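A.B. asks: Submitted below is the structure of interest, expressed as structure tokens.
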Amino acid sequence: MAPLSKRLRQVEAPRTAAIALAVPLLGILGAYGYALTAVKYTPGGLAAAAGVVGIAGTGFLYAWRAVSGAAVE
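Shown next as structure tokens:
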């Protein structure tokens, strides 16, 4: 169990959560991209896609920020 416990202590929760959320959001954006090429798009659909990108990007940047106690680059 010791190697597993050591590995779990090294995992950074915010970055892992950001990646776990990024994968499904990329799928959603892929669906929007397909819909833009397959059907007639609407301004509401474009606004929804832009909102998803904005919200996901903000969350991703928040999770990747330097936290107190982090090594200074």
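In the working numbering, the protein residues as written are 63 to 135. Each residue gets a CB set at the ideal place from its N, CA and C atoms; glycine is no exception. Note that the coordinates shown come from a computational prediction; the quantities given were computed from them, not determined experimentally.
Per DSSP, what kind of secondary structure is valine 101 in: helix, strand or coil?
C.D. replies: Counting from 1 along the sequence shown, the entry for residue 101 is found at position 39. In the structure shown, valine 101 sits in coil (DSSP, three-state: anything other than H, G, I, E or B).
A.B. asks: Between the stretch 72-82 and the stretch 106-115, can you find at least three pairs of beta-carbon atoms closer than 8 Å?
C.D. replies: no
A.B. asks: If I measure Cβ to Cβ from leucine 87 and keep anything under 7 Å in the same chain, skipping five residues before and after, which residues do I get?
C.D. replies: As a working note, residue 87 is residue 25 in the sequence shown. Cβ neighbours of leucine 87 beyond the five flanking positions: Val114 and Ala118.
A.B. asks: Do alanine 82 and alanine 125 have their C-beta atoms closer together than 8 Å?
C.D. replies: To locate residue 82, count along the sequence shown from 1; it is residue 20. To locate residue 125, count along the sequence shown from 1; it is residue 63. No. Outside cutoff.
A.B. asks: State the Cα-Cα distance for the pair glycine 89 and tyrosine 96, rounded to the nearest angstrom.
C.D. replies: Within the sequence shown, numbered from 1, the residue matching residue 89 stands at position 27. Within the sequence shown, numbered from 1, the residue matching residue 96 stands at position 34. If you take the alpha carbons of glycine 89 and tyrosine 96, they lie about 10 Å apart.
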